[in-house]
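What follows is a set of notes on a single structure, which appears directly below.
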Amino acid sequence: MKQQKKLPSEAAEVTGLAPDEDVPTGPMQASSGLAETGDDPHAAPLAPGLYLVATPIGNLEDITLRAMRVLRESDCIACEDTRQTQKLLNHFGIRRPTVSCHQHNERERSEEILRLLRQGGRVAVVSDAGTPGISDPGMYLARAALEAGIRVIPVPGANAALASLVASGLDASRFLFVGFLPAKAGARRAALERLSALPDAEEPLTMVFYEAPHRIVETLADIERVWGGAVRVAAARELTKWHEEFLRGTAAEVRTALAARDRIRGEIVLLVEARRPAPDASKGSIAQRVEELISSEGLERKEALKRAARERGLSRSEAYRELQRS
Ligand code: SAM
Numbered sequence: 045m046k047q048q049k050k051l052p053s054e055a056a057e058v059t060g061l062a063p064d065e066d067v068p069t070g071p072m073q074a075s076s077g078l079a080e081t082g083d084d085p086h087a088a089p090l091a092p093g094l095y096l097v098a099t100p101i102g103n104l105e106d107i108t109l110r111a112m113r114v115l116r117e118s119d120c121i122a123c124e125d126t127r128q129t130q131k132l133l134n135h136f137g138i139r140r141p142t143v144s145c146h147q148h149n150e151r152e153r154s155e156e157i158l159r160l161l162r163q164g165g166r167v168a169v170v171s172d173a174g175t176p177g178i179s180d181p182g183m184y185l186a187r188a189a190l191e192a193g194i195r196v197i198p199v200p201g202a203n204a205a206l207a208s209l210v211a212s213g214l215d216a217s218r219f220l221f222v223g224f225l226p227a228k229a230g231a232r233r234a235a236l237e238r239l240s241a242l243p244d245a246e247e248p249l250t251m252v253f254y255e256a257p258h259r260i261v262e263t264l265a266d267i268e269r270v271w272g273g274a275v276r277v278a279a280a281r282e283l284t285k286w287h288e289e290f291l292r293g294t295a296a297e298v299r300t301a302l303a304a305r306d307r308i309r310g311e312i313v314l315l316v317e318a319r320r321p322a323p324d325a326s327k328g329s330i331a332q333r334v335e336e337l338i339s340s341e342g343l344e345r346k347e348a349l350k351r352a353a354r355e356r357g358l359s360r361s362e363a364y365r366e367l368q369r370s
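Following the numbering used here, the numbering of the sequence shown begins with 45 at its first residue and continues without gaps.
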């Protein structure tokens, strides 16, 4: 595996959209970068439209040939962070105007970008790393372009969620991309509780989370509270980079291994092979199960009731009524 290369120093940053008079009105017979039988995709100019271009998540060799062509031939590149993208463009010798389009200005910027697109422009959208629109800016612009009747074209490539899923060893036949959980402990636990109702009794549903290194141990502890310490997980760290690492095992094992480290660094995807609790867990009365959860897992009474309710497919109020009857 190759370490991310040191990139050449930045060239002068170009910001702002190309002036209107510079906008080429793409010819009718233009390519979207797709190789069609009998066509030389390199011969046809790029078709007008909005291109969502995936870029590497670490290893620069993960850029695709098509991504490079689209970036090279677009009129303008809308970037989450122009400086970050400029490094990538410099590395590949691509010189195109860039404009910033991030979480905080995506709406206003979309207006300017749409003006360019309506005039037949070709705009590439990139995020700092990976696939735009996946826990990154891009979705708003794509929707606005579609509403304006503009063609939206994906240029697929690197994505941390899919790369980690396929190498995790967890069941990848059905998965749910969740992205970032709330940073605050209470909201995070509530989000996990809601997610725990999703897997059906027959098959696991692998859940994919993006998580910050300083919260990973806490989040694993929450996962144990919701699905039990034996649930299978994988933590994929620094994918495609020099220090790429997978920690695979039960939630308790992976949490213990990470908690033993002085410091946890890098970017992490956390995957959980979530299942409905085993039928055994729902044997006995709800009161017994609540007591068991309090003593075995140290849960608060309220949390134990919530879990027992979920295990039995009951609402919290139904479980509460059952508890009062017993
Ligand atoms: N759009 C990106 C994608 O397609 O994967 C995701 C961007 S999101 C802002 C950043 C998060 O993705 C990180 O906090 C981490 O959870 C995950 N991530 C990105 N690159 C990664 C890598 N090389 N290794 C592990 N996780 C990564």
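Think of the CB as a built atom: it goes at the ideal place given N, C-alpha and C, for glycine as much as any other residue.
Please name the residue, chosen from the options, that lies closest to residue i on a Cα-to-Cα basis.
i           : options               : result
residue 179 : 225, 194 and 201      : 225
residue 245 : 337, 356, 212 and 216 : 356
residue 200 : 262, 99 and 233       : 99
residue 229 : 264, 315, 243 and 209 : 264
residue 253 : 247, 162 and 317      : 317
residue 218 : 247, 227 and 300      : 247
residue 271 : 368, 241, 362 and 195 : 241
residue 177 : 197, 334 and 165      : 197
residue 255 : 314, 303 and 293      : 314
residue 110 : 164, 163, 168 and 128 : 168
residue 138 : 120, 368 and 275      : 120
residue 269 : 299, 149, 361 and 214 : 299
residue 277 : 186, 185, 216 and 293 : 293
residue 129 : 227, 102 and 149      : 102
Does the Cβ of residue i lie closer than 7 angstroms to at least one heavy atom of the ligand SAM?
i           : result
residue 311 : yes
residue 12  : Missing from the structure shown is residue 12; the chain here goes from 45 to 370 and no further.
residue 212 : no
residue 285 : yes
residue 171 : yes
residue 418 : Any property of residue 418 remains undetermined from this structure, which presents the chain solely from 45 to 370.
residue 259 : no
residue 125 : no
residue 308 : no
residue 254 : yes
residue 352 : no
residue 106 : no
residue 144 : no
residue 101 : yes
residue 278 : no
residue 267 : no
residue 119 : no
residue 281 : yes
residue 186 : no
residue 122 : no
residue 178 : yes
residue 227 : no
residue 204 : yes
Can you name, in chain order, every residue of its own chain whose Cβ lies under 7 angstroms from the Cβ of residue i, other than the five neighbours on each side?
i           : result
residue 287 : 310
residue 337 : 343, 348, 351 and 352
residue 364 : 349
residue 147 : 181
residue 106 : 100, 201, 202 and 284
residue 273 : 294, 295 and 296
residue 132 : 99
residue 183 : 177
Residues in its own chain within less than 6 angstroms of residue i by CB, not counting five upstream and five downstream?
i           : result
residue 366 : 330
residue 326 : Only weak support exists for where residue 326 lies, its pLDDT of 48 falling under 50; the coordinates are left without a value.
residue 95  : 114, 168, 197 and 199
residue 359 : none
residue 223 : 179 and 254
For residue i, which residues from the same chain have a beta carbon less than 8 angstroms from its beta carbon, with the 5 sequence-adjacent residues on both sides left out?
i           : result
residue 49  : Interpretation of residue 49 is limited by its pLDDT of 44, a score under 50 that renders its predicted location unreliable; the figure taken from the coordinates is listed afterwards. If we look at residue 49 and ignore the five residues flanking it on each side, its Cβ neighbours are 104 and 135.
residue 108 : 98, 199, 200 and 201
residue 334 : 345, 348, 349, 352 and 367
residue 215 : 247, 248, 250 and 317
residue 275 : 267, 268, 294, 295, 316, 317, 318 and 319
residue 261 : 299, 302, 303 and 308
residue 237 : 270, 350 and 354
Validate contact between the segment 186-195 and the segment 136-146 using beta carbons, cut 8 angstroms, 3 pairs
no
Take every Cβ of the segment 199-216, pair it with every Cβ of the segment 153-166, and state whether three or more of those distances are shorter than 8 angstroms.
no
The segment 233-243 in contact with the segment 272-286 per 3-pair CB rule at 8 angstroms
no
Below 8 angstroms, can you find three or more Cβ-Cβ pairs linking the segment 167-175 to the segment 109-127?
yes
Inspect the CB distances between the segment 112-122 and the segment 209-216 and report whether three or more fall short of 8 angstroms.
no
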